[in-house]
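Read in order, the letters of the sequence shown are residues 43 to 182 in my numbering. C-beta atoms are modelled at their ideal positions from N, C-alpha and C, and glycine is treated no differently. Quick caveat: nothing in here was measured; it's all calculated off a predicted structure. First the structure, in the form of structure tokens, and then the observations on it.
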Amino acid sequence: MSLSPDDIKVGETRESVLVDDLKRTRIVQYAGASGDFNPLHTDERFAVEAAGYPGVFAHGMLTMGMTGRVLTGWVGPEALLRYGVRFKAQVWPGDTLTATATVESIEDTPTGPVAQFSVRTLNQDGVEVVTGTATARLEP
43 MSLSPDDIKV GETRESVLVD DLKRTRIVQY AGASGDFNPL HTDERFAVEA AGYPGVFAHG
103 MLTMGMTGRV LTGWVGPEAL LRYGVRFKAQ VWPGDTLTAT ATVESIEDTP TGPVAQFSVR
163 TLNQDGVEVV TGTATARLEP
């Protein structure tokens, strides 16, 4: 997928429902894939009794990865040059997450045009769980 500066405009947005009713199974699958078996994400008893949380919660990197899909679905994974986020709130089993990417600017650089994006992911209650930025290469 190749986008040129004519294909996107500053202010344009894309929205994507990332997950509807996040399951504990998906959190545990991510733990297995990532090797991150922190008991805050996998052991209900530990999360509640030892750590004082209401239960297990999703890995931040799982939320970041899911959020990135709104970008890769728009510009393609091969165009993404930079992607970073800030974790704002925890994501719990049962959450529904919706991500939005917005074109903030389009710039000419010595290596060709790039688009700067802002991203944010909200849960079903409108709570911002992730914010971030990304840069993608555009075709000349």
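Endpoints, the beta strand (DSSP E) within which residue 158 is located: The sequence position of residue 158 within the sequence shown is 116, counting from 1. Counting along the chain, the beta strand (DSSP E) containing residue 158 begins and ends at 154-164.
DSSP three-state assignment for residue 129, whether helix, strand or coil: Locating residue 129 in the sequence shown gives position 87, counting from the first residue. In this structure, residue 129 counts as strand in the three-state DSSP scheme.
Residue-chain proximity (residue 144, chain B), Cβ-Cβ < 8 Å: Going by chain labels, chain B is absent from the structure shown, which holds only one protein chain.
Residue 116 versus residue 159: straight-line alpha-carbon distance, rounded: Residue 116 sits at position 74 when you count from the first residue of the sequence shown. Residue 159 sits at position 117 when you count from the first residue of the sequence shown. As the crow flies, the alpha-carbon of residue 116 is around 11 Å from that of residue 159.
Rounded separation between residue 102 and residue 55 - CA only: For the purposes of this step, residue 102 is taken as residue 60 along the sequence shown, with counting starting at 1. For the purposes of this step, residue 55 is taken as residue 13 along the sequence shown, with counting starting at 1. Rounded to the nearest angstrom, the gap between the Cα atoms of residue 102 and residue 55 is 23 Å.
With 16 other Cβ atoms within 10 Å as the buried cut-off, status of residue 174: Position 132 of the sequence shown, counted from the first residue, corresponds to residue 174. Per the 10 Å Cβ criterion, buried.
Residue of 77, 78, 140, 44 minimising C-alpha distance to residue 61: To locate residue 61, count along the sequence shown from 1; it is residue 19. Selected option, being the one with the closest Cα: 140.
The ligand PLP heavy atom lying under 7 Å from the CB of residue 99: Inclusion of the ligand PLP in the displayed structure is not the case, the ligand content being empty and no account of it being possible.
Cβ contact check for the stretch 125-144 and the stretch 161-169: 3 or more pairs under 8 Å: Of all C-beta pairs linking the stretch 125-144 to the stretch 161-169, three or more are shorter than 8 Å, placing the two stretches in contact.
Closest by C-alpha distance to residue 66, when choosing among 52, 126, 104, 127: Here residue 66 refers to the residue found at position 24 when the sequence shown is read from its first residue. Of 52, 126, 104, 127, the smallest CA-CA separation from residue 66 is found for 104.
Opening and closing residue of the beta strand (DSSP E) in which residue 174 lies: Position 132 of the sequence shown holds residue 174. Boundaries of the beta strand (DSSP E) around residue 174: 170-179.
For residue 144: DSSP bridge partner residues: The residue labelled residue 144 in the question sits at position 102 within the sequence shown. Per DSSP, 55, 160.
One or two residues paired with residue 124 in a DSSP bridge: If you number the sequence shown from 1, residue 124 lands on position 82. For residue 124, DSSP records a beta bridge to 177.
Of the listed residues 84, 82, 121, nearest to residue 153 (C-alpha basis): Translated into positions along the sequence shown, residue 153 becomes position 111. If we check each option's Cα against that of residue 153, 121 comes out closest.
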